[in-house]
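Note sheet for the following structure.
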Amino acid sequence: NAGVMQNPRHLVRRRGQEARLRCSPMKGHSHVYWYRQLPEEGLKFMVYLQKENIIDESGMPKERFSAEFPKEGPSILRIQQVVRGDSAAYFCASSRGTGETDSPLHFGNGTRLTVT
Amino acid sequence: SQQGEEDPQALSIQEGENATMNCSYKTSINNLQWYRQNSGRGLVHLILIRSNEREKHSGRLRVTLDTSKKSSSLLITASRAADTASYFCATEHTGRRALTFGSGTRLQVQP
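Going down the list, the protein sequences come from chains V and Z.
Going by our numbering, the residue at position 113 of the first sequence is 113; the numbering climbs one at a time, nothing skipped.
Each position in the second sequence, counted from 1, maps to that position plus 1000 in our numbering.
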């Protein structure tokens, strides 16, 4: 049973380019979460999605950032017109659905974005 | 802010010793969870304690929760060099499904 798969593992973009980060949740999981981590810091929540719906995007910047979780295919976190401050590790996590509480998150190994 | 805060930020101990990490939070929770992160990897879930529980054990891990003080502790007994990692507490707050993570404790276990 594959875990949460994120790709690419490393992504280098020049300022002004677009970054697309992909996340395939664990089999049977319909809830996806995106977090951002700066070096030596904790994870900062960005967005929580269920299939085809954004449930909570309170941690995601209003401009340049967007996320989707289509009916078919992986969840995508898109960052347009990247700036150096976007350099970070972006982690995706998934959990079982139906609004269940007390359900731990399963994390991928992250995508490390470097903006040059 | 709901964010949990771990204490200490860094901890260095000898193999065989116990390691204790603390976490504080600010608003009411459904549960509190502890995660481990090895360098360059994702987080791995260790243990979950519900708001109506006071203590929980899993192998060499012991977690306590004091909701009156809004704090939790993680105890790792008989530590091993392989326990070297960063440890994060995460809280699921009432009315909000997404977890809020603290800034972590970096544990170094010397062989």
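Ideal Cβ positions, reconstructed from N, Cα and C, are used throughout, including at glycine.
| query | result |
| --- | --- |
| Would the segment 1065–1081 of chain Z count as touching the segment 1022–1041 of chain Z if we require 3 or more Cβ pairs under 8 angstroms? | yes |
| Can you find at least 3 beta carbon pairs, one from the segment 1088–1096 of chain Z and one from the segment 1027–1034 of chain Z, that sit closer than 8 angstroms? | yes |
| Would you report the Cα separation of V/Lys-27 and V/Gly-3, rounded to the nearest angstrom? | 8 angstroms |
| In chain order, which continuous runs of the alpha helix (DSSP H) of length 4 or greater are located wholly inside the segment 29–82 of chain V? | none |
| Using three-state DSSP, classify Z/Ser-1098 as helix, strand or coil. | The amino acid at residue 1098 of chain Z is misidentified as Ser; the sequence shows Ala. Here Z/Ala-1098 sits in coil by DSSP. |
| Closer than 8 angstroms, CB to CB, is Z/Ser-1073 near chain V or not? | no |
| If you draw a straight line from the C-alpha of Z/Ala-1098 to the C-alpha of Z/Ala-1082, how long is it? | 29 angstroms |
| Specify whether the segment 51–60 of chain V and the segment 1046–1064 of chain Z touch according to this definition: at least 3 beta carbon pairs, one from each stretch, less than 8 angstroms apart. | no |
| Alpha carbon to alpha carbon, how far is V/Glu-68 from Z/His-1045? | 25 angstroms |
| Quick one: which residues of the segment 1093–1111 of chain Z get their C-beta closer than 9 angstroms to a C-beta of chain V? List them in chain order. | Arg-1096, Arg-1097, Ala-1098, Leu-1099, Thr-1100, Phe-1101, Gly-1102, Ser-1103, Gly-1104, Arg-1106 |
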